[in-house]
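Asks: Below is the structure I would like to discuss, written out as structure tokens.
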Amino acid sequence: MYPSTLLMVVVVAGAAVVYGGYPAANTPAAQFWEQALPGTPMPEVIADLVQRGSDHSPLAERYSALPGTSNLCIIYDTKLPSAEARKCLFFHEEQLRPGSTMTFNFPAEEGLAILPHDVAQKVPFGNLDDVLAAFHIPVGSAEAAQVEHTLSLCRAPPLAGEAKACATSLESTVQSATDMLGGATNAGAVRAATPEVPAAGLPRQPYVVQAVTPLDGDHHVACHVMPFPYAVYQCHMSAVMSEKVYVVSLRGLSDGSAADMVAFCHLDTSKWNPGHPAFEVLHTRPGATPVCHFMPYGNLAFIKDEGDRSLAC
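In terms of mature numbering (1 follows the signal peptide of the UniProt record, and there is no 0), the sequence shown is residues -20 to -1, 1 to 293.
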């Protein structure tokens, strides 16, 4: 289900997962995706989450606090306890070369359902009390704390020179990303990528880097899934090109397991929270060296081709 050759639907379009055989192909979200991103077939993992949102209402299911912290690892203004920080997937840019090894545990991730756009518009978002009541989440619970933290991150102002938005459906996520990129004047000018790693995770072991493919473009938008009863994406982009994006093919040295990851390397971290877990893990400080990380399961990266110059930052 996760063959390494199928990760980058934007790089090997001919080998991309064809989601037309899935029920999600008939959803409004899939139709919107096809119109907005004609150069990128919808990745299978996103199609699965869209279908889950259509088949099972989060309002009818009990929300449990998410055990993983991998998405919170990569929010600039997040500070985590040392034990949690060590679980984050940070590394140095010089490690991105074929033949190098990295020792990681890719944690299991709870794939959150992506709600249909018309449903997401009716579900409470923004007011903590309304969200807790709608999803029957007890006040003071771990679940309530996660919801409150996500709402606070979404309300927080962006960093200087950054665009940021939280989105509650796939349509609004794609729209937010393309708006940040200045829209697309040419068909296929904006592309999307997502990591290919099992939701069940992969064990801690050394992984050898087999291939590194740059995702070249004028600008990139990263959209991270936040802890919430359903998929809420926080998307952000720097007005100044201050990151490099790669597709990294990994193979486990112990069990041969494979993963194709999307890696972001942030070149300017001078405005990041000094307590950000990356600085603890990499033994560095804001602005000293680039910080690289892998995008977790279900996250999205959007890239604007260099040939389309309509970006308005």
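Every residue gets a Cβ at the ideal spot worked out from N, C-alpha and C, and that includes glycine.
Predicted model only: the values in this text are computed from it and were never measured.
State the Cα-Cα distance for the pair A179 and S237, rounded to the nearest angstrom.
Replies: Within the sequence shown, numbered from 1, the residue matching residue 179 stands at position 199. Within the sequence shown, numbered from 1, the residue matching residue 237 stands at position 257. For A179 and S237, the distance between alpha carbons rounds to 13 Å.
Asks: Return the bridge partner residues of H204 from the DSSP annotation.
Replies: Here residue 204 corresponds to residue number 224 of the sequence shown, with the count starting at 1. Paired residues: Q214.
Asks: Would you kindly work out how many angstroms separate the C-alpha atoms of P78 and K102, rounded to a whole number?
Replies: Translated into the one-based positions of the sequence shown, residue 78 becomes position 98. Translated into the one-based positions of the sequence shown, residue 102 becomes position 122. Taking the straight line from one Cα to the other gives about 48 Å.
Asks: What's the call for N6, buried or exposed, on a 16-neighbour Cβ count within 10 Å?
Replies: Residue mapping note: residue 6 aligns to position 26 of the sequence shown, counting from 1. Result: exposed.
Asks: So, with DSSP's three-state summary, where would you put Q185?
Replies: Taking the sequence shown and counting its residues from 1, the one referred to as residue 185 is at position 205. Strand.
Asks: Compute the Euclidean distance between the alpha carbons of Q75 and Q190, then round it to the nearest angstrom.
Replies: The residue you call residue 75 lines up with position 95 of the sequence shown. The residue you call residue 190 lines up with position 210 of the sequence shown. Distance between the alpha carbons of Q75 and Q190 is about 12 Å.
Asks: Buried or exposed for residue 312, going by 16 or more other Cβ atoms inside 10 Å?
Replies: The structure shown does not extend to residue 312, since the chain is modelled only from -20 to 293, so the question has no answer here.
Asks: Please name the residue in F86, C215, A114 whose C-alpha comes closest to that of C146.
Replies: Numbered from its first residue, the sequence shown carries residue 146 at position 166. Among F86, C215, A114, the Cα nearest to that of C146 belongs to C215.
Asks: What first and last residue would you give for the alpha helix (DSSP H) that runs through A219?
Replies: Your numbering for residue 219 matches position 239 in the sequence shown. Note, A219: premise wrong, no alpha helix (DSSP H); not H, not E.
Asks: Please classify L95: does DSSP put it in a helix, a strand, or coil?
Replies: Numbered from 1 along the sequence shown, position 115 holds the residue referred to as residue 95. Three-state DSSP puts L95 in coil, outside helix and strand.
Asks: Determine which residues share a DSSP beta bridge with L230 and list them.
Replies: Taking the first residue of the sequence shown as 1, we reach residue 230 at position 250. According to DSSP, L230 bridges with V189, A239.
Asks: Nearest CA to the CA of T249: which residue from V242, A243, C272, A239?
Replies: By one-based count along the sequence shown, residue 249 stands at place 269. Ranking V242, A243, C272, A239 by Cα distance to T249 puts C272 first.
Asks: Please report the distance separating the alpha-carbon of M221 from that of H199.
Replies: Mapped onto the sequence shown, residue 221 falls at position 241. Mapped onto the sequence shown, residue 199 falls at position 219. Taking the straight line joining both Cα atoms gives about 6 Å.
Asks: Using 10 angstroms around the beta-carbon of V111, count the other beta-carbons present and answer buried if the total reaches 16, otherwise exposed.
Replies: As a position in the sequence shown, residue 111 is number 131, starting the count at 1. Per the 10 Å Cβ criterion, buried.
Asks: To the nearest angstrom, report how far apart F115 and D98 are at their CA atoms.
Replies: Locating residue 115 in the sequence shown gives position 135, where the first residue counts as 1. Locating residue 98 in the sequence shown gives position 118, where the first residue counts as 1. Going from the Cα of F115 to the Cα of D98 covers about 18 Å.
Asks: Count the other CB atoms within 10 Å of the CB of F244; is the residue buried (16 or more) or exposed (fewer)?
Replies: Mapped onto the sequence shown, residue 244 falls at position 264. Classification of F244: buried, given that the 10 Å Cβ count is 16 or more.
Asks: What do you get for Q11, buried or exposed, if any count of 16 or more other CB atoms within 10 angstroms of its CB means buried?
Replies: Along the sequence shown, read from residue 1 onward, the residue named residue 11 stands at position 31. With fewer than 16 Cβ atoms within 10 Å of its Cβ, Q11 is classed as exposed.
Asks: Does DSSP classify L280 as helix, strand or coil?
Replies: Counted from its first residue, the sequence shown places residue 280 at position 300. Looking at L280 - three-state DSSP - the assignment turns out to be strand.
Asks: Tell me whether the beta-carbon of Y226 lies closer than 7 Å to the beta-carbon of I117.
Replies: Here residue 226 refers to the residue found at position 246 of the sequence shown. Here residue 117 refers to the residue found at position 137 of the sequence shown. No. Outside cutoff.
Asks: Shorter than 7 Å from the beta carbon of A124 to some beta carbon of chain D?
Replies: In the displayed structure, chain D is absent; only one protein chain is listed.
Asks: Helix, strand or coil for R32 per DSSP?
Replies: For the purposes of this step, residue 32 is identified with residue 52 of the sequence shown, where counting begins at 1. In the structure shown, R32 sits in a helix (DSSP, three-state: H, G or I).
Asks: What three-state label does DSSP hand P104 in the structure shown?
Replies: Here residue 104 refers to the residue found at position 124 of the sequence shown. Here P104 sits in coil by DSSP.
Asks: Tell me the rounded alpha-carbon separation between L69 and F86.
Replies: In the sequence shown, counting from the first residue as 1, residue 69 sits at position 89. In the sequence shown, counting from the first residue as 1, residue 86 sits at position 106. Roughly 8 Å between the two C-alpha positions.
Asks: Determine the contact status of V201 and V228, defining contact as a CB-CB distance below 7 Å.
Replies: As a first step, residue 201 must be located in the sequence shown, where it is residue number 221. As a first step, residue 228 must be located in the sequence shown, where it is residue number 248. Taking 7 Å as the Cβ cut-off, V201 and V228 do not qualify as a contacting pair.
Asks: Specify, as a first and last residue, the run of the alpha helix (DSSP H) that F12 falls within.
Replies: As a first step, residue 12 is located in the sequence shown; it is residue number 32 there, counting from the start. F12 -> alpha helix (DSSP H) spans 8 to 16.
Asks: Thinking C-alpha only, which one of V212, Y210, V205, V242 is nearest E223?
Replies: In the sequence shown, counting from the first residue as 1, residue 223 sits at position 243. Nearest of V212, Y210, V205, V242 to E223, Cα basis: V242.
Asks: Compare the C-alpha of L247 against each of P266, P8, P270, H256 and name the closest.
Replies: Numbered from its first residue, the sequence shown carries residue 247 at position 267. Comparing Cα-Cα distances from L247 to each of P266, P8, P270, H256, the minimum goes to P270.
Asks: Identify whether C134 lies in helix, strand or coil by the three-state DSSP scheme.
Replies: Here residue 134 refers to the residue found at position 154 when the sequence shown is read from its first residue. DSSP places C134 in helix when its eight states are reduced to three.
Asks: Following the continuous alpha helix (DSSP H) through E74, name the residue where it begins and the one where it ends.
Replies: The residue you call residue 74 lines up with position 94 of the sequence shown. Unbroken run through E74: none, as it is neither H nor E.
Asks: Could you give the DSSP three-state label for T269: helix, strand or coil?
Replies: What you label residue 269 is simply residue 289 of the sequence shown in a count that begins at 1. Three-state result, T269: coil.
Asks: Could you tell me the distance, in whole angstroms, from the CA atom of G120 to the CA atom of L92?
Replies: Against the sequence shown, residue 120 aligns to sequence position 140. Against the sequence shown, residue 92 aligns to sequence position 112. Distance between the alpha carbons of G120 and L92 is about 22 Å.
Asks: Mind checking whether T174 and F105 have CB atoms under 7 Å apart?
Replies: For the purposes of this step, residue 174 is taken as residue 194 along the sequence shown, with counting starting at 1. For the purposes of this step, residue 105 is taken as residue 125 along the sequence shown, with counting starting at 1. Not in contact: T174 and F105 (Cβ atoms no closer than 7 Å).
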